[in-house]
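If you count by the working numbering, then the first sequence holds residues 1 to 390, one letter each, in order.
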Amino acid sequence: MKENDMPLPHPTRSIALIDVNNFYVSCERVFNPKLVGVPVVVLSNNDGCAVARSNEAKALGVPMGEPWFKLKDLAKQHGIIGLSSNYALYADMSNRVMSILREYSPDQEVYSIDESFLDLTGFQSRDLISYGQHMRKRILKWTGLPVCVGIGSTKTLAKLANHCAKKRPVFNSVCNFNAMLPTELEHLLCQIDVGEIWGIGRKLAPKLQALGFNTVQDLKRANPDRLRQQFSVVLEKTIHELNGTVCIDLEEISPPKQQIMSSRSFGQPIRDYNSLAESITLYMSSAAVKLRRQQSFAGSVHVFIRTSPFKQDAPQYSNGITIPLPSATDNTMQLVNIALWGLKQIYRPNYDYAKAGVMLSELVTAQGVQNDLFSQSGANAENGKNCTLS
DNA sequence: GATGCTATGAAAC
DNA sequence: CTAACGGTTTCATAGCATC
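Pasting the structure below:
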């Protein structure tokens, strides 16, 4: 791809999206080179489902999210290796990658454990492909992880460019839409399925195809107003972003979570109240840690328990309860007690429970608490831990 | 008729 | 030997209740 060194028609932003290939699998391979070149999947909690697949595993047709027991035959046949996940390792590797990337731009959004946006606007456009190659080679050398780089004038386009970098060997893992001629880009976008666009998922893709929007180019040329009517604002924004109009900003500082959830499927079904209570206590403790780490206070607590929907013949029960708190708190003891009270309300004996969890919502930040306290002249300020919701 | 709350669904990683 | 199936989060909307 030849770089375009003509002046660009509009003041164009250059947003890069850097994404580690098959992140969990690649992490495992760094520490066990025997896994290189063979089909590998990393499994979810309790070795339940495939949450990451190597290219070899994908080529064998292993679907994302497939339960491991359904893969046993295929695995035996082709020697697919199933690994338990090691989230502490992945978090550590992620931190290394993110700090390397931070040196390439002061404007970074860490979007997920294996993805980061960088704003490269103002960097010399014709150099961006080599800049991207530099990142890629450095990350590979310093962490052992393979990444791809996509560059475009919006986040949606950067995502799409990243997809091209990954899927099309021509780009050698770095694809810059901004460096392509309009006709060249159009030709490319005609070959990509609508379903590949960020925000177009399993439900939306078939609906759009039914209306004749089969490729990215089709959707790019669609009438945003009309599709907003028919679908949603989200889709309207996507169309604008495909045309280079920024609708989704770079979020360098991640806003505090509005709700915090902790839940887990059990390795084996649980029937008795005490075991359930133990789990709920554990989940709430971890939720409370997350809550305090972002310096928030919870205004309501939700507790839920459920049997396995996959056991068709077993009696099913699923219930949850939301408990509003008179006063927002971040205190583990208080939160656990409330959750256990909630559990008592919804618990029914003689069911095989498969999953339980808690959710904290109506979160207010410590900042908000401060303001609240000032505005309410310190009412309910006992050890600064509680605040009244107004 | 406008506004607010809740439950639900779709999407993402 | 059999059965076995993730976890969080956000955002938008629809339906219902309320002012």
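Each residue gets a CB set at the ideal place from its N, CA and C atoms; glycine is no exception.
Treat the numbers as computed from the prediction; the structure is a model and nothing was measured.
Since Tyr111 contacts Cys27 with CB under 8 Å, what's their CB separation in whole angstroms?
Here residue 111 refers to the residue found at position 111 when the first sequence is read from its first residue. Here residue 27 refers to the residue found at position 27 when the first sequence is read from its first residue. Incorrect: roughly 18 Å between the Cβ atoms, too far for contact.
So which of Val246, Gln108, Trp198, Asp272 has the shortest CA-CA distance to Ser254?
Counted from its first residue, the first sequence places residue 254 at position 254. Here the closest residue by C-alpha is Gln108.
Mind checking Phe374: buried by the 16 CB within 10 Å criterion, or exposed?
Residue 374 sits at position 374 when you count from the first residue of the first sequence. Note on Phe374: pLDDT 41, under 50, position unreliable in the model; no value is reported.
Limits of the unbroken beta strand (DSSP E) element including Gln268
Working through the first sequence from its first residue, we reach residue 268 at position 268. For Gln268, the enclosing beta strand (DSSP E) has its first and last residue at 260-270.
Residue range of the unbroken beta strand (DSSP E) whose run includes Asn319
Your numbering for residue 319 matches position 319 in the first sequence. Taken as a continuous stretch (DSSP letters only), the beta strand (DSSP E) holding Asn319 covers 318-329.
As a quick exercise: from Ala354, Leu71, Thr156, pick the residue whose alpha carbon is nearest that of Gly267.
Within the first sequence, the letter at position 267 stands for residue 267. Nearest in C-alpha terms to Gly267, of all of Ala354, Leu71, Thr156, is Ala354.
Residues near Val174 in its chain [Cβ-Cβ closer than 6 Å; skip 5 each side]
Residue numbering aside, residue 174 sits at position 174 when the first sequence is read from its first letter. So the qualifying residues of the chain are Ile129, Gly132, Gln133, Val149, Ala165.
Going straight from the alpha carbon of Arg293 to that of Phe213, what length do you get?
The count along the first sequence starts at 1 and reaches residue 293 at position 293. The count along the first sequence starts at 1 and reaches residue 213 at position 213. Looking at the two C-alpha atoms, the distance is approximately 44 Å.
In whole angstroms, what is the alpha-carbon distance linking Ser279 and Ala356?
Counting from 1 along the first sequence, the entry for residue 279 is found at position 279. Counting from 1 along the first sequence, the entry for residue 356 is found at position 356. Our two residues, Ser279 and Ala356, have alpha carbons roughly 8 Å apart in a direct line.
Helix, strand or coil at Asn95 according to DSSP, with G and I counted as helix
Numbered from 1 along the first sequence, position 95 holds the residue referred to as residue 95. Three-state DSSP puts Asn95 in a helix.
Cβ-based neighbour list, Thr322, same chain, cut-off 7 Å, excluding 5 preceding and 5 following:
As a first step, residue 322 must be located in the first sequence, where it is residue number 322. Closer than 7 Å at Cβ, skipping near neighbours: Ser300, His302.
By Cβ distance below 7 Å, which residues in the same chain neighbour Ala52 in space, the five residues on each side in sequence not counted?
Taking the first sequence and counting its residues from 1, the one referred to as residue 52 is at position 52. Shown here for Ala52: same chain residues with a beta carbon closer than 7 Å to its own, the five before and five after excluded, namely Asn22, Phe23, Tyr24, Val25, Val41, Val42 in chain order.
Anticipated Cβ contact below 8 Å, Leu363 with Gln295, distance rounded:
Within the first sequence, the letter at position 363 stands for residue 363. Within the first sequence, the letter at position 295 stands for residue 295. Contact between Leu363 and Gln295 does not hold, since the beta-carbon distance rounds to 10 Å and is not under 8 Å.
Quick check: what's the CA-CA separation for Asn350 versus Ala161?
For the purposes of this step, residue 350 is identified with residue 350 of the first sequence, where counting begins at 1. For the purposes of this step, residue 161 is identified with residue 161 of the first sequence, where counting begins at 1. In a straight line, the C-alpha of Asn350 is about 53 Å away from that of Ala161.
Residue range of the alpha helix (DSSP H) that includes Tyr283
Your numbering for residue 283 matches position 283 in the first sequence. Segment 273-293, the alpha helix (DSSP H) holding Tyr283.
Does DSSP put Phe444 in a helix, a strand or coil?
Since the displayed the chain opens at 1 and closes at 390, residue 444 lies outside it and no answer follows.
Quick check: the Cα distance between Leu340 and Pro315, rounded to an integer number of angstroms?
Along the first sequence, one-based indexing puts residue 340 at 340. Along the first sequence, one-based indexing puts residue 315 at 315. Taking the straight line joining both Cα atoms gives about 24 Å.
Fully enclosed by the segment 124-153, which alpha helix (DSSP H) runs are 4 residues long or longer?
List check, alpha helix (DSSP H) in window: 128-143.
Excluding the 5 residues preceding and the 5 following His78 in the sequence, name in chain order all residues of the same chain whose CB lies nearer than 7 Å to its CB.
As a position in the first sequence, residue 78 is number 78, starting the count at 1. For His78, same chain residues with a beta-carbon under 7 Å away, outside a window of 5 residues either side, are Pro39, Leu60 in chain order.
Taking the beta carbon of Leu208 as the centre, do at least 16 other beta carbons fall within 10 Å, making it buried, or is it exposed?
Indexing the first sequence from 1 puts residue 208 at position 208. Buried.
What would DSSP say about Glu241, mapped onto helix, strand or coil?
Start at 1 with the first residue of the first sequence, and residue 241 comes out as number 241. Glu241: helix per DSSP, three-state reduction.
Span separating the alpha-carbon of Phe310 from that of Asp352:
Here residue 310 corresponds to residue number 310 of the first sequence, with the count starting at 1. Here residue 352 corresponds to residue number 352 of the first sequence, with the count starting at 1. Looking at the two C-alpha atoms, the distance is approximately 12 Å.
Cβ neighbour criterion (16 or more within 10 Å) applied to Phe297:
In the first sequence, residue 297 corresponds to position 297, counting from 1. Counting of Cβ neighbours within 10 angstroms places Phe297 among the buried residues, the total reaching 16 or more.
Through-space distance from His163 to Lys203, alpha-carbon basis
Counting from one through the first sequence, the residue named residue 203 turns up at place 203. Counting from one through the first sequence, the residue named residue 163 turns up at place 163. Their backbone Cα atoms lie some 20 Å apart in a straight line.
Local Cβ density within 10 Å of Arg29, reported as buried at 16 or more and exposed below that:
Translated into the one-based positions of the first sequence, residue 29 becomes position 29. By the 10 Å Cβ count, Arg29 comes out buried.
Decide if Phe69 is buried, meaning its Cβ has at least 16 other Cβ atoms within 10 Å, or exposed.
Indexing the first sequence from 1 puts residue 69 at position 69. Exposed, by the Cβ-count rule.
Applying the criterion that 16 or more other CB atoms from any shown protein chain within 10 Å of the CB defines a buried residue, is Met333 buried or exposed?
Taking the first residue of the first sequence as 1, we reach residue 333 at position 333. Exposed, since its Cβ has fewer than 16 Cβ neighbours within 10 Å.
Tell me whether Leu181 is buried or exposed, calling it buried when 16 or more other Cβ atoms sit within 10 Å of its Cβ.
The residue you call residue 181 lines up with position 181 of the first sequence. Taking a 10 Å sphere around the C-beta of Leu181, we find fewer than 16 other C-beta atoms and assign the residue as exposed.
Hey, would you say Met284 sits closer than 9 Å to Ser318, going by beta carbons?
As a working mapping, residue 284 is identified with position 284 in the first sequence. As a working mapping, residue 318 is identified with position 318 in the first sequence. For Met284 and Ser318, no; Cβs fall outside 9 Å.
CA-to-CA distance, Ala50 to Met64, given in whole angstroms
Here residue 64 corresponds to residue number 64 of the first sequence, with the count starting at 1. Here residue 50 corresponds to residue number 50 of the first sequence, with the count starting at 1. Distance between the alpha carbons of Met64 and Ala50 is about 6 Å.
Once the 5 residues before and after Ile139 are set aside, which same chain residues still bring their CB inside 7 Å of it?
Reading the first sequence from its first residue, position 139 is the one you call residue 139. Taking C-beta separations shorter than 7 Å and ignoring five residues to either side along the sequence, the partners of Ile139 in its chain run Val97, Ile100, Leu145, Val147, following chain order.
Please classify Cys175: does DSSP put it in a helix, a strand, or coil?
Indexing the first sequence from 1 puts residue 175 at position 175. In the structure shown, Cys175 adopts extended strand secondary structure according to DSSP, grouped into three states.
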